[in-house]
Amino acid sequence: MTQKTLRKGSQGKSVENLQKLLNAFNENTFLTVDGDFGSATLKALKHFQENAGLTADGVVGPKTWHALSLGAPYATTKLATVSTPSSSASSPQGLLAEIAAKYIGVKETGNNKAGDSQELLAIFKSDSLTINGATDGYPWCAAFVSFCVQKLLNNSPFFLTTQPPKEASVSRFLNIWAKNNNCLIFPRNSEFFTPQKGDIVVFTFSHIGIVESVSGRMVTTIEGNTNDAGSREGSVVARKIRVNSIIKSYIRLPLSTAASAARITEISRIC
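Counting in my numbering, the sequence shown tops out at residue 305, every number present.
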């Protein structure tokens with residue numbers, strides 16, 4: 035859909051989204067997310083546009099929306115020296131899909147038990163849930179996403195203010211962790227944002243995964259606790275092709291300030 039053009043005086047949800055995105059880039063001020071495009075938002079926007087090499091006209095048109103939604107540190111001169119894997123160059127969060135792909139094929143023994151799989155046991159241990167002293171034995175799609183996000187946070191300079199998720203519940207991941215960490219949450223039919231590699235995807239049937247690629251209305255994902263039929267209660271980490279109509283929301287992590295990210299010149303190799 036066409037993104038709405040915003041300028042000083044604009045109000046509403048689209049301005050809230052703008053303010054959240056600007057807070058990820060501007061280290062000198064932190065905007066109140068109130069949906070009111072006033073002088074402070076205008077100043078922060080112009081600062082972002084200047085650093086991104088855009089015309090600093092204080093108007094949020096297609097080019098500015100594109101830069102903001104893609105994680106525009108790659109467009110800013112301040113971050114030109116930051117080294118990142120080429121496979122995730124579309125956005126800082128793209129690395130999340132690379133992490134998830136390493137675990138495709140990891141499988142439980144049945145009944146949501148890790149068995150002898152040390153990788154699956156690590157996934158279960160990444161959340162805060164135990165049942166009768168055991169760390170496994172429950173649906174683990176949210177645990178898998180928590181596990182991957184924890185690895186992303188440990189290996190990327192772009193998410194320094196994000197607290198690692200330790201959620202075993204899809205609902206808690208979306209409604210508590212994502213909101214408490216000021217993540218950008220947008221619906222499948224968002225007027226302003228489109229899904230991209232590394233976004234977290236929440237389905238309408240209480241299931242969660244990670245976006246690997248998008249082609250039209252089809253989304254390729256990597257999911258834990260699924261199967262060939264695409265169930266939310268399967269047994270393996272797998273790559274799935276999903277129709278956009280069964281997706282409820284997307285989650286995008288907030289970027290750290292440009293100044294913080296620029297101080298780190300390389301990302302550690304993921305084990």
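Each residue gets a CB set at the ideal place from its N, CA and C atoms; glycine is no exception.
Fair warning: this is a prediction, and the values are worked out from it, not measured in the lab.
Check: Cβ neighbours of residue 160 in the same chain (closer than 7 Å, five flanking residues each side left out); Outcome: 177, 180, 181, 184 and 200
Check: Range of the contiguous alpha helix (DSSP H) that encloses residue 75; Outcome: 73-85
Check: Proximity below 8 Å, CB of residue 136 to CB of residue 151; Outcome: no
Check: Best match in 80, 290, 84 and 40 for proximity to residue 190 [C-alpha to C-alpha]; Outcome: 290
Check: Range of the contiguous alpha helix (DSSP H) that encloses residue 48; Outcome: 47-57
Check: Short CB-CB distance (under 8 Å) between residue 203 and chain C; Outcome: Any reference to chain C falls outside this structure, which holds one protein chain only.
Check: Integer Cβ distance of residue 217 from residue 126, believed to fall under 8 Å; Outcome: Their Cβ separation, rounded to whole angstroms, is 13 Å, which puts residue 217 and residue 126 out of contact at 8 Å.
Check: Anticipated Cβ contact below 8 Å, residue 102 with residue 55, distance rounded; Outcome: 4 Å
Check: Cross-strand partners of residue 257 (DSSP beta bridge); Outcome: 243 and 272
Check: Three-way DSSP call (helix, strand, coil) for residue 235 in this model; Outcome: strand
Check: Cβ contact check for the segment 214-233 and the segment 161-176: 3 or more pairs under 8 Å; Outcome: no
Check: Euclidean distance between Cα positions of residue 222 and residue 239; Outcome: 14 Å
Check: Residue range of the unbroken alpha helix (DSSP H) whose run includes residue 181; Outcome: 175-189
Check: Span separating the alpha-carbon of residue 158 from that of residue 98; Outcome: 40 Å
Check: C-beta contact flag for residue 248 and residue 285 at 8 Å; Outcome: no
Check: Inter-residue Cα distance where the pair is residue 68 and residue 90; Outcome: 23 Å
Check: Beta-carbon separation (whole angstroms), residue 40 vs residue 53, contact threshold 8 Å; Outcome: Not quite, the Cβ-Cβ distance comes to about 10 Å (not below 8 Å), so this is no contact.
Check: Boundaries of the alpha helix (DSSP H) in which residue 158 is found, first to last residue; Outcome: 152-159
Check: Residue 134 versus 280, 282 and 231, residue with shortest Cα-Cα distance; Outcome: 231
Check: Residue nearest to residue 277 in terms of C-alpha spacing, selected from 256, 80, 93 and 250; Outcome: 250
Check: Bridge partner(s) assigned by DSSP for residue 285; Outcome: 219 and 234
Check: Residues that DSSP places opposite residue 170 in a beta bridge; Outcome: Residue 170 is not bridged to any residue.
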